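For the sequence shown, this note's numbering assigns the number 676 to the initial residue and increments by one for each residue that follows.
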Amino acid sequence: MSKYPATVGDIEFDEKLDDPAFKKCNPEKLFTLQYYQGSKEFDYKGEKIAIIEKLEKEKISSESKTNGYITVRFLVNCEGKTGWFRVQQMNADLRETIINKELGERLLRFTKSLDGWIPKEIKGFKIGYYQYLTYKIENGKVSEVLP
Numbered sequence: 676m677s678k679y680p681a682t683v684g685d686i687e688f689d690e691k692l693d694d695p696a697f698k699k700c701n702p703e704k705l706f707t708l709q710y711y712q713g714s715k716e717f718d719y720k721g722e723k724i725a726i727i728e729k730l731e732k733e734k735i736s737s738e739s740k741t742n743g744y745i746t747v748r749f750l751v752n753c754e755g756k757t758g759w760f761r762v763q764q765m766n767a768d769l770r771e772t773i774i775n776k777e778l779g780e781r782l783l784r785f786t787k788s789l790d791g792w793i794p795k796e797i798k799g800f801k802i803g804y805y806q807y808l809t810y811k812i813e814n815g816k817v818s819e820v821l822p
């Protein structure tokens, strides 16, 4: 294995974090597509609004009046299954820090529960890709979901 990932931001399997049952579609390929590659930038049944509606029903928030961003990045495989989740938290000044550990864990569980991801399709082949959701946190509540 190379010292450097095949593409900037590639996620490597980590036996402490990742489900060994999750399989990449083409592990022999040197790269995996990014969410913005292909015909659509956001491949989820019902689009982003479906995720926002589900998030609103979950009422995920924190008692603390935290502000910042919690990003969950993961792989969607050619079957639409997800795995290899990574979380990054940043304060409102975009400096990496833990703004709220419990809220981050709750948003990770929520993101893992999303089951409407659609594989990308290029020339008739279903392709896996990297996806991320960034939750903008204002006063301990999710105010926006990006991208």
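By construction, the Cβ of each residue, glycine as well, lies at the ideal position given by its N, Cα and C atoms.
This one's a predicted model, so the numbers in the text were calculated from it and none came from an experiment.
Whole-angstrom C-beta distance between residue j and residue i, which should lie under 8 Å
i	j	result
V817	I735	6 Å
T809	Y744	5 Å
S737	N775	5 Å
Residue(s) in a DSSP beta bridge with residue i
i	result
L789	Beta-bridge pairing links L789 to no other residue.
K816	S736, E813
G743	N766, I812
I802	K795
R827	The requested residue 827 is not part of the displayed model; the chain covers only 676 to 822.
E771	M765
L692	Paired residues: none, contrary to the question.
L821	T809
C-alpha distance - residue i paired with residue j, whole-angstrom precision
i	j	result
K740	D689	33 Å
A696	I812	32 Å
A725	V762	22 Å
K691	G758	13 Å
K756	E796	15 Å
K787	F717	17 Å
P794	N752	6 Å
G779	I773	8 Å
I727	L789	11 Å
C700	R781	28 Å
N814	N742	6 Å
I686	K723	23 Å
Q764	E771	6 Å
D693	F760	7 Å
G791	L730	14 Å
Residue i and residue j closer than 7 Å at C-beta
i	j	result
L769	V747	no
E733	F800	no
L750	Y807	no
Minimum Cβ-Cβ distance from residue i to chain C less than 7 Å
i	result
L782	The structure shown contains no chain C; it is built from a single protein chain.
Exposure of residue i, with buried meaning 16 or more beta-carbon neighbours within 10 Å
i	result
I802	buried
K798	exposed
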